[in-house]
Structure formats: C-alpha cells, structure tokens
Amino acid sequence: MDFRALHKRLPMHVQSPDVSRYASENYTVFDFETTTFNNGLAVYRENSTVMVAWYNGPGHPRPGMHVSWGGEFDHAQLVEDVESADFVVAHNSKFDLQWLHRCGSKIHELLVWDTQLAEYVLGGNRWQWGALSLERCAKRRAWEGKDSVVSKMIKRGIPTQDIPKQWLERYCVQDVHLTNRLFRSQLSYINAKKPRLMPIVYTRCLVAPVLGMMEFTGMYLDPSKVVERAAELERSYGELQQKMETFTGGINTASTKQLAEFLYTTLRFKEPTDRRGKPDRTTSGKPKTDISTVLSLEAKNAKQRKFLELYGELNAVHTELTKYLRKFSDCCNDAGGRLVAQFNQTNTQTHRLSSNGLDYRAQFQNFPRAYKPFFRSRHEGWLIGECDGAQLEFRVAAHLGRDGKAISDIVDEVDVHSFTAKTLTDAGQPTDRQGAKAHTFKPLFGGRSGTEAEQTYYREFRNKYTGISDTQDRWITTVLEKGHLETEWGLQFYWPDTRMDRSGYVTNTTSICNYPVQSFATAEIIPVGLVYFWHAAKAANLELMVVNSIHDSIICEIPPNELEAFHELSKYALIEVPYWYLDLMYGVSFTAPLGAGVSIGPNWADEQSKKSEKTYNATPAMYLHGG
C-alpha cells in the first residue's frame with residue numbers, strides 16, 4: 002500500500018503542518034467539569050459531564066461565552082462551535098478532548114493549542130507536574146488565580162456534582178477566561194521572543210488527540226492467562242503463609258511490633274546501624290521492619306537464612322498479586338479485559354511520553370516482561386505488531402554529532418553490539434552479544450565509570466565515534482559557561498547547578514549528554530511518527546488498531562490480511578515522515594539514516610514468541626519529499 006499517495010487524505014493540519022494557523026481569530030476555548038470516578042478519565046462509562054463552558058474567539062461565527070449543563074451527550078452546540086473553529090484551545094487538552102469525543106466530536110480532525118503543553122515547551126526541563134497547572138501558570142505571570150472556594154472544595158474531594166450550581170459555573174467560566182488569556186500571552190511571547198518553539202508546540206499538540214483516542218482503545222488482556230496465573234499465585238501465597246506461620250509460631254508479620262520482636266529478639270538479627278554506628282531506627286525510635294530493611298539484614302545462621310528466604314518469597318508473591326494479578330482479574334471482570342495506559346506528555350524532563358497506572362490503567366513504559374504474553378488482540382486470529390525506531394538514539398547521536406564514522410556504520414549495518422562485546426572481552430570482561438546490549442549505548446548518556454573493562458569500552462567508543470564524543474564535550478562546556486543548552490531544534494534545557502569538582506568531574510554529565518539525544522528521538526521523531534501512523538491507518542480504512550506507544554515503539558492489533566500494510570505503514574511513519582517533517586517544521590535536515598524495526602506475533606511477548614521480525618534502513622535521499 003502506497004501511504005505517500007494517501008497523504009492528501011489526512012486532516013489538513015496534519016497533511017500540511019503550518020503554525021500560521023494559530024493566527025486566526027476563529028478559535029474555541031473550552032473546559033469540562035465532570036464527575037471524578039477513576040480519576041475523572043473519560044474512558045470509563047460511569048463518568049459523566051456536569052457542565053462545560055466555552056468561549057468562541059472574535060472571528061468565530063458565534064463569538065462569546067457559552068455554558069451547557071446536563072448529560073454527557075447534551076452538547077450539540079459545543080460540538081458545532083468546535084468543529085466550525087479553525088482550532089481549539091484547552092489546558093491539559095487530552096482530558097477535555099476525550100470528553101468532547103464522548104459528545105460526538107471527531108477530535109482527531111481538530112487542530113489544538115494546549116496551554117499546558119505550550120508552557121511545558123517554554124520551560125524546557127524546568128516545569129513538570131503540578132508546576133503546569135492552570136493556577137501555577139497564572140501565578141508565574143502574577144495574574145489573579147482561580148476561585149479559591151471551589152478549588153478548596155475540589156481538593157477536599159467534594160464531588161463536582163455536589164458543588165452549588167452557580168459556584169461551579171463561575172469556576173468553570175473563570176477557567177475558560179484564564180485559559181484564553183494564557184493562550185494569547187503564550188502566542189504573543191513565542192511569536193515575539195521564541196519563534197523556534199512554535200513548531201515544537203504544534204508537534205506536541207498534534208499528538209494529544211491521538212493519545213486521547215489510544216486511551217479509549219487500551220490493550221487487551223487474555224482472561225484465561227490471568228485466571229491461570231492468579232490461581233497459581235493465590236495457591237503459592239497460601240502455602241507460603243502457612244510455612245511462615247509455622248516457622249514464626251503464629252506471629253502476625255504485618256504487626257511491626259511483633260515482627261521487630263521476632264527479628265531482633267527471637268532470631269537475634271543485628272539491627273542496621275547509621276553512619277555513626279548507632280541503631281538506624283524510625284523517627285519514633287522503634288526498630289525498622291519495612292521490607293527493604295528486613296531483606297537487607299545479614300543472616301549468620303541457618304535459621305536466619307531460612308526466614309529471609311521465606312520472607313522474600315512471600316513478599317515477592319504478595320507484590321505480584323496486589324500490584325498486577327488482582328488488578329488484572331478486576332480488569333477482566335469489570336472492564337472487558339481492557340487495560341489502559343494514561344499517557345502523560347508533561348511528566349518528564351526529556352519531554353518523552355510517560356504513563357501511569359491506577360485501577361484499570363497500567364504504567365506500560367516499564368512493564369514487566371513476564372506479563373507481556375498476557376496481552377493479545379481482542380479479536381480472534383489477529384496478531385500483535387510492534388514497530389520501533391531501530392537504534393534510534395544512536396542514529397540521533399550520529400546526526401547531532403555529524404559523526405561520519407557512526408553514519409557509515411549505520412549505512413553498512415555494522416553490528417555495534419558485537420563491537421561492544423569484543424571490546425569488553427578483550428578488556429577482561431567476557432561478554433556475549435546479548436549481554437553487551439546493556440553497555441552499548443551508555444556512552445551516549447555520559448557513561449564514564451564502572452569496571453575497568455567497562456571504562457575501557459567507553460574510551461574505545463569515544464575514540465571510534467569522535468563526532469559524538471566531541472559534541473558531548475561541547476554541550477558540557479556550554480552548560481558550565483551558561484547554565485543551559487539550546488538544542489538544534491530550539492528547545493532549551495537548564496542545569497544552573499552544574500559544577501566541576503577538583504577531580505575534573507562535571508555534575509549533571511549524564512543528563513547533559515542524555516537529554517538532547519533522548520528528547521530528539523522520543524519526544525520529536527517518535528511522536529511525529531505516531532501521529533502519522535494513526536492518521537494514515539485511518540485514511541487507508543485499515544482495521545488495525547493502535548493500542549500503545551512505549552519509548553520508541555508503536556504497538557498495534559492487526560488482522561492477518563493487513564500484515565503487509567503494517568510493514569509499509571511502519572516505514573512510512575518512522576522513516577519517511579520524520580525526514581520531511583523535521584525539514585519542513587524544524588528546519589533540520591536529518592543527516593543520519595533512519596530505521597524501523599518490525600516484529601509480529603500472537604501476543605505482546607518476548608523475542609522467542611515472535612512470528613516475524615524485520616529491520617528497514619533508509620538514507621535521507623531515499624525518502625525526502627514535499628509531503
């Protein structure tokens with residue numbers, strides 16, 4: 002399938018990105034007030050809209066402020082106003098866009114200005130999490146903040162539907178006015194002072210609706226695997242509890258008092274000590290019995306060793322049950338097997354995506370490998386496909402360092418991991434190719450210390466790829482002099498506390514070497530690829546579903562007849578699109594070859610269960626075009 006030919010079927014703001022669209026006065030600012038079950042996520046059916054307020058800009062066919070109360074689908078006028086605007090504005094737009102989707106709007110066709118994302122871009126690596134709330138954004142500009150009475154009621158956990166109607170309406174309208182004011186301020190400031198940041202804001206905002214739709218989709222858990230593993234663990238937990246009860250004589254190990262007495266009096270474990278050699282106790286002066294303390298105790302006889310072994314096993318099974326399996330079981334019973342990642346665009350200093358989990362949500366970014374086989378397609382006979390940017394951070398580093406040797410090695414498909422393994426082995430640390438992977442790209446993140454063999458490898462890497470190492474040194478020098486670094490695409494990262502000690506070690510070396518590489522790879526290239534992957538699949542009327550994105554990968558459920566299309570779509574989104582998008586929007590001519598790794602299997606599992614795996618490589622000249 003030729004996805005280049007389908008490019009013109011994408012929404013206009015995706016097909017032809019243009020920051021000048023934000024100059025229009027025909028826009029809509031909106032804010033939803035909802036019930037707060039399950040953290041207020043719109044993907045849960047039991048949640049509902051309490052009210053919504055929106056402001057149409059002076060160029061809109063229906064200018065001015067509007068308010069709607071009632072049920073979740075009682076907002077036809079809002080949908081009409083939003084879809085007749087040139088773009089929409091919201092703070093933390095993904096949340097409000099999901100509610101707009103439930104009202105019947107085609108949110109993927111909307112161009113967005115997210116005031117939270119814009120503030121995040123303006124801050125570089127200085128502002129995340131609570132610092133990006135609408136109230137904090139207002140305070141930084143010395144503006145009057147939100148209604149304190151209603152804010153306090155919400156912080157105390159009072160349901161929005163129980164707040165007096167006139168108070169909630171005033172609060173919501175204030176939010177809309179404040180968001181509009183913040184938008185105008187950000188737009189004016191970026192245009193006047195930081196025009197290079199405008200494409201970055203545009204890119205971040207392109208991603209938000211796609212993430213919102215992905216959250217609705219979620220990943221599917223195989224109920225049979227969950228039931229089987231849960232039953233196995235419950236049985237093991239019961240047996241281990243019985244063994245522990247027998248071993249301890251029936252004490253309650255959940256009681257800190259009983260456990261402390263058993264540990265330090267009965268078993269005669271030596272209490273941990275602090276730097277002064279005194280017992281390291283709690284603030285109230287009691288012996289510590291937390292899990293990490295207990296498992297760190299030094300066993301000096303068979304009985305002590307037996308207890309630690311039994312306690313460790315019991316804790317491991319309990320953690321697995323409570324953190325995963327019981328929640329998995331609830332998910333299968335109550336949410337139809339759908340586990341959802343809540344994607345966060347503003348929670349990392351490098352600007353890459355993160356995710357968090359609660360209830361039926363999962364923190365997929367660091368998901369245990371053991372559970373990956375639990376995830377399969379919700380459709381019988383479909384497969385799970387994963388595509389990623391092949392060795393993307395190395396390729397980005399090669400580009401940023403204009404490193405001819407690194408680029409030629411990529412073109413020639415030199416196995417970097419084998420180079421790592423040989424260097425470590427020659428230096429006295431025998432390592433196979435698989436074991437070398439953990440070390441290969443540590444130099445990209447300022448790796449300098451470790452075993453003698455590892456240090457030898459780091460030196461060899463720097464000597465081999467001098468363009469990369471010289472660029473890292475230049476970044477470090479710049480930060481020492483200025484306290485910040487501006488990337489090739491205009492994003493600024495700040496390290497005001499960077500110092501060099503007497504031994505020549507520079508503080509923050511790891512993050513200084515890491516942020517520009519990781520940010521470009523997983524905050525610019527991959528999100529752009531994700532946006533075009535999702536939109537192109539829809540334009541081609543493919544049935545495949547984008548269900549997750551982790552670091553540099555995109556994960557899909559795929560019908561068997563669309564496997565070839567998945568391969569072509571992966572090349573289009575992760576190789577072709579980034580070349581012209583970076584050139585068009587950022588003014589960056591990416592010099593290194595980009596690659597895409599594709600793997601397909603019956604479930605989201607480890608390497609052994611994959612049915613097929615392939616890597617594609619391409620030089621810039623092969624794919625540069627006008628979009």
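Position 463, counted from 1, in the sequence shown is what this note's numbering calls 464; the numbers after and before it change by one each time, with no gaps.
Ideal placement from N, C-alpha and C gives every residue a C-beta, glycine not left out.
Buried or exposed by the 16-neighbour rule on C-beta atoms within 10 Å, applied to residue i
i      : result
Gln167 : exposed
Asn542 : exposed
Asn253 : exposed
Gly530 : buried
Glu544 : exposed
His380 : exposed
Val122 : buried
Pro517 : buried
Lys443 : buried
Trp605 : buried
Thr267 : exposed
Gln343 : buried
Ile555 : buried
Ser520 : buried
Val174 : buried
Thr247 : exposed
Val68  : exposed
Asp433 : exposed
Gln473 : buried
Ile191 : buried
Contacts around residue i, its chain only, beta-carbon distance under 6 angstroms, and the 5 residues preceding and following it disregarded
i      : result
Ala300 : Arg306, Leu309
Val80  : Cys104, Gly105, Ser106
Pro560 : Trp383, Glu544
Gln493 : Gly125, His485, Glu487
Trp535 : Val211, Val547
Coil, strand or helix - residue i by DSSP
i      : result
Gly436 : helix
Trp144 : coil
Thr29  : strand
His485 : strand
Ser470 : helix
Asp115 : strand
Tyr495 : strand
Met154 : helix
Gly65  : strand
Asn302 : coil
Met199 : helix
Met546 : strand
Asn93  : coil
Pro210 : helix
Asn348 : coil
Thr592 : coil
Identity of the residue in the options nearest residue i by Cα
i      : options                        : result
His319 : Arg277, Ser237, Leu264         : Ser237
Ser419 : Gln175, Pro431, Ser85          : Pro431
Arg205 : Phe442, Ala398, Leu112         : Leu112
Asp82  : Asp410, Gly71, Gly105          : Gly105
Arg377 : Ser69, Gly125, Glu558          : Glu558
Trp114 : Gly251, Ile555, Tyr203, Glu314 : Tyr203
Asp281 : Leu268, Thr266, Thr267, Leu298 : Leu298
Met215 : Asn549, Leu264, Lys373         : Asn549
Glu314 : Arg353, Lys244, Tyr265, Val53  : Lys244
Lys423 : Glu525, Gly436, Met501, Phe217 : Gly436
Met2   : Trp581, Ile601, Glu565         : Glu565
Thr616 : Glu387, Leu340, Arg460, Arg127 : Glu387
Residues that DSSP places opposite residue i in a beta bridge
i      : result
Ile559 : Leu384
Trp70  : Met52
Glu453 : DSSP, once it has assigned bridges, lists no residue as partnering Glu453.
Met220 : Leu340
Lys615 : Val599
Ser554 : Asp389, Ile551
Phe88  : Tyr28
Thr274 : Pro280
Met501 : Val507
Glu34  : Met52
Close Cβ partners of residue i (< 8 angstroms) along its chain, the five nearest in sequence each way excluded
i      : result
Thr35  : Gly41, Ala43, Asn48, Ser49, Thr50, Val51, Trp100, Thr161
Ser330 : Val227, Val228, Ala231
Gly405 : Gly468
Gln242 : Leu315
7 angstroms Cβ shell around residue i - same chain, five flanking residues per side excluded
i      : result
Ser355 : Asn345, Asn348, Thr349, Gln366
Ile292 : Asn316
Ile477 : Val507, Thr510, Ile513
Arg500 : Thr508
Asn27  : Gly58, Gly60, His61, Ala86, Asp87
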